[in-house]
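Residue numbers (numbering that gives the first Met the number 0): 0 to 418.
Virtual Cβ for every residue (Gly too), placed ideally from N, Cα, C.
Working notes for the structure below.
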Amino acid sequence: MKICVVAYKFGTEKELGEHLGTYHYFIEKMRKLVKQGHQVYVVCPWLSLTKRGSKEVDGVKIIRFWPLMVNKIWLWPINKIIRRLYIKQTQKVTLKVVKQNSVDLVYVWQARESGYAIAQIKEQLGVPFYFRQITAWQWHFKRGPEEIFANRRWHKVLRNFGVNIILKFLLDKKSQQIFAKSIYDNADKIVFLSKAAIEESKAFRLDQTKAVDLGVAIEEDLFKPLNRKSELRQELGIKGEKVVLFIGRINFAEKGIGVLLDAMQKIITEVPNSNLVIIGGGGESEWMNKLIGDLNLQNNVQAVGKKPFKDLVKYINASDVFVVPSIWMEAFGQVTIEAMSCGVPVVTSDAGASPEININGQTGFVVPVRDSVTLANSVINILKDEALAKKLGDNARKRVLENYTYDAIINKFLEIIKN
């Protein structure tokens with residue numbers, strides 16, 4: 000099969016950076032499709048305004064164009080001009096690749112601008128057009144400047160001077176909604192990450208016959224139980240006899256970091272020798288550090304910043320329980336299955352797809368959104384009961400091996416295409 004993939008960025012892990020998240024999965028999935036004998040062509044922009052980037056990654060052919068997509072709202076109106084050029088170039092190069100290589104499918108990865116570009120030339124393609132949706136659009140469209148920038152120091156100063164009116168204009172959510180509608184109207188299939196994400200799409204009146212769910216895969220031979228917890232803690236400089244782990248963007252409104260810190264107050268009263276390790280960066284790190292001090296948690300919390308993808312398996316294996324306290328509509332949750340694959344029990348909120356991945360009482364616990372008390376109690380139960388922790392961890396590993404390996408996900412992907 001010949002597949003033309005359209006993406007807003009692509010390259011080697013070295014080119015794109017070590018903190019890839021779901022993008023590592025995307026790159027690896029393309030590699031494995033090639034290994035199975037399929038031909039994959041990726042249409043994408045240059046890596047930067049001046050750097051072109053690789054032309055091939057392990058058999059995946061890359062056809063690049065200029066310019067790259069620029070979404071920084073502070074660059075208005077330059078960002079609008081570049082976006083128009085990006086859309087035109089995406090269309091031009093994709094049509095050329097489709098015609099020259101007689102591809103069987105155009106598969107757009109994630110960006111609404113890329114999806115809109117292809118949606119507008121759907122009839123010229125002559126082949127099916129599938130769109131891979133990663134995030135929850137309705138949730139993003141509803142959020143205004145007051146919520147998005149609430150914890151930024153500059154916003155607190157300027158919000159009384161009409162800055163929200165300017166920010167609303169610069170965010171240009173109307174254009175994004177137009178892009179979304181065009182994609183939903185013209186794509187043959189929308190490939191979501193979960194059933195919860197499909198449910199969310201009903202707000203945009205998506206024809207539900209177009210919707211299919213396909214999760215994320217991980218390397219089960221990389222994310223596996225290492226069985227050397229004490230050694231890893233010493234190597235990584237992790238304190239405490241019991242370790243709670245969080246990996247994600249430092250964001251209060253989306254990732255629920257405030258809920259987790261509230262829960263940690265109760266956890267340390269029941270398990271005094273426990274320690275929370277926070278991996279991740281973001282614009283709200285300063286606020287998080289202040290809250291840690293205000294709650295007097297500095298002796299029980301280690302915020303270690305961003306860590307390379309290759310190091311995550313060590314941190315996960317050094318922990319006793321992995322926590323995902325998300326508030327927003329989690330379309331999937333890759334870090335959840337990474338932890339589960341390492342045999343670590345997980346505690347997740349019931350936001351979005353988390354309950355589809357983490358089966359309550361079998362692989363961990365699912366708690367209500369923003370409920371720091373129930374979150375704390377669930378973590379405490381795992382930390383105090385080693386037999387329970389082992390049972391949940393073993394079940395978690397088994398669930399990943401049955402549902403979230405590359406073989407399982409790619410076979411399902413190919414089945415979706417064939418059907």
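Check, Outcome
"What does the Cβ neighbour count give for Arg372, buried or exposed, with the cut at 16 atoms within 10 Å?", "The question names Arg, but residue 372 in the sequence shown is Val. Exposed."
"Output yes or no for whether 9 Å exceeds the beta carbon distance between Ile381 and Ala388.", "yes"
"Any idea which residues DSSP pairs Glu55 with across the strands?", "Lys60"
"Could you check how far apart the C-beta atoms of Ile336 and Glu283 are, in whole angstroms? I think they sit under 8 Å.", "Their Cβ separation, rounded to whole angstroms, is 25 Å, which puts Ile336 and Glu283 out of contact at 8 Å."
"How would you call Asp421, buried or exposed, if buried means at least 16 neighbouring beta carbons within 10 angstroms?", "There is simply no residue 421 to check, as the chain begins at 0 and stops at 418 in what is shown."
"Determine the burial state of Val323: buried for a count of at least 16 other Cβ atoms within 10 Å of its Cβ, exposed for fewer.", "buried"
"For Ser101, does the three-state DSSP call read helix, strand or coil?", "coil"
"If we count the other Cβ atoms within 10 Å of its Cβ and call it buried at 16 or more, is Asp384 buried or exposed?", "exposed"
"First and last residue of the alpha helix (DSSP H) that includes Ile416?", "405-417"
"If contacts are defined as beta-carbon pairs under 8 Å, then Pro344 and Val320 qualify, I think. What distance do you get, rounded to the angstrom?", "6 Å"
"Going by DSSP, what residue range makes up the beta strand (DSSP E) through Ala302?", "300-304"
"Does the distance from the CB of Ala179 to the CB of Phe128 come in under 9 Å?", "no"
"For Leu166 and Val300, what's the separation of their Cα atoms in angstroms?", "35 Å"
"Please specify which runs of the beta strand (DSSP E), each continuous and at least 3 residues long, are wholly inside the region 171-200, giving them in chain order.", "188-191"
"Any contact between the region 327-341 and the region 190-200? By contact I mean 3 or more CB pairs, one from each, below 8 Å.", "yes"
"So, is Val378 buried or exposed, given that buried needs 16 or more other C-beta atoms within 10 angstroms?", "buried"
"So does the region 356-367 actually touch the region 223-243, counting three or more Cβ pairs closer than 8 Å?", "no"
"Excluding sequence positions up to five away, which residues of its chain have a Cβ less than 8 Å from the Cβ of Asp187?", "Pro127, Phe128, Tyr129, Lys209"
"When the Cα atoms are used, what is the spatial distance from Ser47 to Leu67?", "7 Å"
"Flag Cys43 as yes if its beta-carbon sits less than 9 Å from any beta-carbon of chain B, otherwise no.", "Of the chains in the structure shown, none is chain B; there is only one protein chain."
"Per DSSP, Ser348 is paired with what?", "Val366"
"For the region 96-111 against the region 74-82, are there 3 or more C-beta pairs whose distance is under 8 Å?", "no"
"What three-state label does DSSP hand Ser340 in the structure shown?", "helix"
"Sort out for me which residues DSSP pairs Lys1 with in a bridge.", "Gln38"
"Using CA atoms only, rank isn't needed, just tell me which of Trp286, Asn359, Leu290, Ile358 is closest to Arg152.", "Trp286"
"Mind checking whether Gln207 and Ile217 have CB atoms under 9 Å apart?", "no"
"From the DSSP output, in three-state form, read off Ala210 for me.", "strand"
"Quick check: Ser348 and Val258, are their CB atoms within less than 9 Å of each other?", "yes"
"If we count the other Cβ atoms within 10 Å of its Cβ and call it buried at 16 or more, is Lys54 buried or exposed?", "exposed"
"Going by other Cβ atoms of all chains shown within 10 Å of its Cβ, with 16 needed for buried, is Trp108 buried or exposed?", "buried"
"Let me confirm a value: Leu221 is counted as buried when at least 16 other C-beta atoms fall within 10 Å, else exposed. Which label applies?", "exposed"
"Quick one, which of Ile416, Leu391, Asn357, Val368 has its alpha-carbon nearest Tyr403's?", "Asn357"
"Express the C-alpha separation of Cys3 and Tyr106 in angstroms, rounding to a whole number.", "6 Å"
"In whole angstroms, what separates the C-alpha of Arg369 from that of Asn185?", "38 Å"
"Suppose you measure from the CA of Asn421 to the CA of Ala338; what does that come to, to the nearest Å?", "Within the shown structure, residues of the chain are numbered from 0 to 418, placing residue 421 beyond reach of any answer."
"Could you pull the DSSP bridge partners for Gln217 from this structure?", "Reading the sequence as shown, one finds Ile at residue 217 and not Gln. Bridge partners of Ile217: Thr404."
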